[in-house]
Amino acid sequence: MISVCIATYNGEKYIKCQLESILKQLATDDEIIVSDDESTDNTISIINNLNDNRIKVYNHKKDKSLLGKTAASFMLASDNFENAINHSKGDYIFLADQDDIWVDGRVKKMQSLLKTNGMVMCNFSTIDGNNDIIIKNVRPKNPVSNSLLCNMLKTPFLGCCMAFQRETLMKALPFPKPCIGHDFWIGCLLLKIGTTYSYIDTPLHKYRVHGHNVSPTVGKSKNSIIFKISYRLKFLCQLKYHLKKLNKN
Numbered sequence: 021m022i023s024v025c026i027a028t029y030n031g032e033k034y035i036k037c038q039l040e041s042i043l044k045q046l047a048t049d050d051e052i053i054v055s056d057d058e059s060t061d062n063t064i065s066i067i068n069n070l071n072d073n074r075i076k077v078y079n080h081k082k083d084k085s086l087l088g089k090t091a092a093s094f095m096l097a098s099d100n101f102e103n104a105i106n107h108s109k110g111d112y113i114f115l116a117d118q119d120d121i122w123v124d125g126r127v128k129k130m131q132s133l134l135k136t137n138g139m140v141m142c143n144f145s146t147i148d149g150n151n152d153i154i155i156k157n158v159r160p161k162n163p164v165s166n167s168l169l170c171n172m173l174k175t176p177f178l179g180c181c182m183a184f185q186r187e188t189l190m191k192a193l194p195f196p197k198p199c200i201g202h203d204f205w206i207g208c209l210l211l212k213i214g215t216t217y218s219y220i221d222t223p224l225h226k227y228r229v230h231g232h233n234v235s236p237t238v239g240k241s242k243n244s245i246i247f248k249i250s251y252r253l254k255f256l257c258q259l260k261y262h263l264k265k266l267n268k269n
């Protein structure tokens, strides 16, 4: 069984297109878990109008204490994704953003690799608001390093292109508080504990660039150098604490 976990917030513009690109690749007993962060637009009604019983919507009450903080959108998205994952039941868990498009055949190719790998990530293209290709082949080579330090510097993990064996992903839960990047946390932690990983260099994902993305995937972060350093130091402390808990278990 496959669970696709989507964190939504005011995603009415593209959510229908994204869900349709996913649903046609799923079996009748698979599921899409939508965790909605108190959307004020028509996101939920659009989802409900698809009338597909594979879609399960859960309301998530956002932590308003995070609002106004540096990288608040990252922390809110991480909490929202964690809620979606916690409601999932699949043997294989895919993460998905609300405004992208999945390329036909993506689920089948990634699921095949997940039989022997705890974590799989695919290459992607970028598209604009009209679904036109901007960059066809963004990461033709595996961007992930065997070095934790290199991965911390480059932050190569992109959640919307990632999928996991359930047992593997559960080792990354609960996310630390605050968690600025759920994909960064999951990727670095799982590789640190020796998770088998595979990269698909074929673009199987269309990442939409529209000016309101939580993550500047193909651009430069606007956060200050001081913030980037302090965040990574905090991350190391969180990682050390989580690894200690895992070793006790």
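Each residue of the sequence shown is one higher than the last, beginning at 21 in the numbering used here.
From the three backbone atoms N, C-alpha and C, an ideal C-beta is built for every residue, glycine too.
Return the residue from the list the options that minimises the CA-CA distance to residue i.
i, options, result
"residue 163", "155, 172, 23", "172"
"residue 168", "155, 206, 189", "206"
"residue 83", "100, 35, 59, 187", "100"
"residue 61", "34, 53, 198", "34"
Alpha carbon to alpha carbon, how far is residue j from residue i? Give it in angstroms, no decimals.
i, j, result
"residue 142", "residue 177", "10 Å"
"residue 150", "residue 200", "30 Å"
"residue 183", "residue 133", "10 Å"
"residue 222", "residue 131", "15 Å"
"residue 128", "residue 135", "11 Å"
"residue 87", "residue 267", "34 Å"
"residue 103", "residue 97", "10 Å"
"residue 67", "residue 117", "14 Å"
"residue 153", "residue 203", "24 Å"
For residue i, does the count of other Cβ atoms within 10 angstroms reach 16, so buried, or fall short, so exposed?
i, result
"residue 226", "buried"
"residue 170", "exposed"
"residue 160", "exposed"
"residue 65", "exposed"
"residue 253", "exposed"
"residue 194", "exposed"
"residue 257", "exposed"
"residue 48", "exposed"
Would residue i pass as an interface residue toward chain C - the criterion being a Cβ-Cβ separation below 7 Å?
i, result
"residue 57", "Protein chains in the displayed structure number just one, and chain C is not present."
Any chance you could list the beta strand (DSSP E) runs of at least 3 consecutive residues sitting entirely within the stretch 47 to 108, in chain order?
51 to 56, 75 to 79
Can you check the stretch 167 to 208 for any beta strand (DSSP E) of at least 3 residues that lies completely inside it and give the ranges in chain order?
182 to 185
Is the stretch 208 to 215 close to the stretch 108 to 119, with three or more CB pairs under 8 Å?
no
In chain order, what are the residue ranges of uninterrupted alpha helix (DSSP H) at least 4 long that sit wholly in the stretch 106 to 142?
126 to 134
With contact counted as at least three CB pairs below 8 Å, one residue from each stretch, are the stretch 63 to 81 and the stretch 26 to 43 in contact?
yes
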